[in-house]
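Chemist:
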Amino acid sequence: MESISRDRKIRVGHVAIFLCLVVFAITTTAIAKDQDGLLNVGQGDAELIVTPSGQQILIDGGPTNQVIDELGTIMPFYDSTIDVILATHKHSDHITGLLGVLDKYDVSRIVDTNRSYSASEAKEWQAKKELEGSELIIVKTGDEFDFGDGVKIRILYPDIVFADYKTKNPNNDSIVAMLEYGGLRILLMGDAESPVEKEILNKRINVNANILKIGHHGSKTSSTLSFLNSVSPTVGVIEVGAKNSYGLPSDVILSRLETLAIKYYRTDVDGTIKLSSNGKYFKITK
Numbered sequence: 001m002e003s004i005s006r007d008r009k010i011r012v013g014h015v016a017i018f019l020c021l022v023v024f025a026i027t028t029t030a031i032a033k034d035q036d037g038l039l040n041v042g043q044g045d046a047e048l049i050v051t052p053s054g055q056q057i058l059i060d061g062g063p064t065n066q067v068i069d070e071l072g073t074i075m076p077f078y079d080s081t082i083d084v085i086l087a088t089h090k091h092s093d094h095i096t097g098l099l100g101v102l103d104k105y106d107v108s109r110i111v112d113t114n115r116s117y118s119a120s121e122a123k124e125w126q127a128k129k130e131l132e133g134s135e136l137i138i139v140k141t142g143d144e145f146d147f148g149d150g151v152k153i154r155i156l157y158p159d160i161v162f163a164d165y166k167t168k169n170p171n172n173d174s175i176v177a178m179l180e181y182g183g184l185r186i187l188l189m190g191d192a193e194s195p196v197e198k199e200i201l202n203k204r205i206n207v208n209a210n211i212l213k214i215g216h217h218g219s220k221t222s223s224t225l226s227f228l229n230s231v232s233p234t235v236g237v238i239e240v241g242a243k244n245s246y247g248l249p250s251d252v253i254l255s256r257l258e259t260l261a262i263k264y265y266r267t268d269v270d271g272t273i274k275l276s277s278n279g280k281y282f283k284i285t286k
C-alpha cells in the first residue's frame with residue numbers, strides 16, 4: 001500500500017476501516033471479467049464509493065444500463081438501495097445509466113446542480129428524479145456531506161445559477177468534488193475543463209490531493225499544467241473507452257502526466273479500477 005503523507009493529523013479508527021472507490025465506464029467492445037470479478041465498462045463516467053459503515057455513493061452512471069450489471073457484481077444481491085446518487089452534469093455519458101439505476105434501486109438522496117440542459121436525456125433525468133421520491137439536494141460551492149467514519153465530500157464547484165440560465169458547455173457545469181477520508185484526498189473533476197480549473201484556482205480553493213480523477217476523459221481541454229501542479233497528485237485515473245472515436249485520452253495529457261511523474265491508470269487499458277484505504281494508506285488494484 002502507498003502511504004499518505006499529510007501535515008495535518010490523521011484519524012484512524014481502532015478497528016479495520018474500509019473505503020472502496022470503484023471506477024466504472026461503459027465500453028463499446030466486448031466485456032470480460034477481471035481477476036477481482038469486476039467488469040470494465042469502458043467509455044463514460046461512474047464511480048461507486050463504499051464507506052466503512054457500508055453507505056454507497058454512486059457518482060454518475062455512464063451512457064448505458066451496463067452500470068446496473070456492474071453494481072450487481074459489487075453490491076449484495078439482496079441490496080436494493082443506494083444511499084446517494086450524485087450527477088456531476090447532464091451529458092448522456094454520465095446520466096443515461098442513472099435512469100436505469102433509479103428504476104432498479106431505491107435511492108435515498110439525489111445530489112444535482114440547478115444547471116439545466118435541453119437534451120432529451122437531461123429532460124428525462126429531471127422528470128425521473130422528481131418521481132423517485134428521494135430527497136433532492138441542489139448543491140453549490142462550499143457544501144459538505146459528512147457520511148461519518150471520517151468520510152466527507154466537499155463541493156468545490158459550481159455555484160447556483162438563476163432559473164433562466166442557459167448552458168453553453170455542460171462540461172463546465174460539472175460538479176467538482178473532494179472526497180476525504182482520514183489523510184486521503186481524492187479530487188473528482190467530472191468533465192470540468194480549463195475555465196473551471198482556472199476559476200477554482202483563482203478562488204484559492206485547496207485542491208491538493210493524493211488521487212486525481214482526470215477531467216473530461218483525459219481531453220486536452222482539461223488538466224492544465226498549472227492545475228496539475230496545484231493538485232500535485234501521486235496518482236491519476238482516466239475513465240475512457242477502448243478505441244473511442246474521440247481519440248481520448250489525449251497524448252498531450254499523457255505526456256504532461258508523465259513529465260510530472262504522476263502515475264496514471266486508464267479504464268480502457270486497466271479495466272475497472274478499485275481503490276481501498278484505511279485513511280492512512282491506500283491500495284489500487286485493477
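Heads up: the sequence shown begins at 1 in full-length UniProt numbering, then just goes up one per residue.
Quick reminder that beta carbons are idealized off the backbone N, C-alpha and C, glycines included.
(1) So, helix, strand or coil for residue 235, using DSSP?
(2) What would DSSP say about residue 127, mapped onto helix, strand or coil?
(3) Of the choices 116, 203 and 130, whose alpha-carbon is the least far from that of residue 160?
(4) For the alpha helix (DSSP H) that residue 253 lies in, which residues bound it at each end?
(5) Short of 8 Å in beta carbon distance, which residues of its chain neighbour residue 207, apart from the five on each side in sequence? Order them along the chain.
(6) Between the C-alpha atoms of residue 268 and residue 213, what's the straight-line distance to the nearest angstrom?
(7) If the criterion is Cβ atoms closer than 9 Å, does the pair residue 85 and residue 111 meet it?
(8) Can you look up residue 180 in the DSSP assignment and give me helix, strand or coil?
(9) Is it right to say residue 275 is buried, meaning 16 or more other beta carbons lie within 10 angstroms of its own, or is it exposed?
(10) Find the nearest neighbour of residue 221 within the set 248, 87, 104 and 118, judged by alpha-carbon distance.
(11) Going by DSSP, name the residue or residues bridged to residue 112.
(12) Between the alpha carbons of residue 258 and residue 80, how many angstroms are there, rounded?
(13) Am I right that residue 113 and residue 139 are in contact with their C-beta atoms under 8 Å? What's the rounded C-beta distance?
(14) Can you tell me whether residue 250 is buried or exposed? The criterion is at least 16 other CB atoms within 10 Å of its CB, across all chains shown.
(15) Which residues bound the beta strand (DSSP E) around residue 152?
(16) What are the complete alpha helix (DSSP H) segments, minimum 4 residues, inside the segment 192-233?
(17) When you compare only the Cα positions, how much space is there between residue 173 and residue 196?
(18) Beta strand (DSSP E) containing residue 85: first to last residue?
(19) Please look up how many angstroms separate the CB atoms of residue 93 and residue 109, rounded, as I've assumed it's under 8 Å.
Modeler: On the basis of the coordinates in this document:
(1) strand
(2) helix
(3) 116
(4) 251-259
(5) 156, 178, 187, 200, 201, 227, 230 and 231
(6) 14 Å
(7) yes
(8) strand
(9) buried
(10) 248
(11) 138
(12) 42 Å
(13) 6 Å
(14) buried
(15) 151-157
(16) 194-202 and 225-231
(17) 9 Å
(18) 81-86
(19) About 23 Å; that fails the 8 Å criterion.
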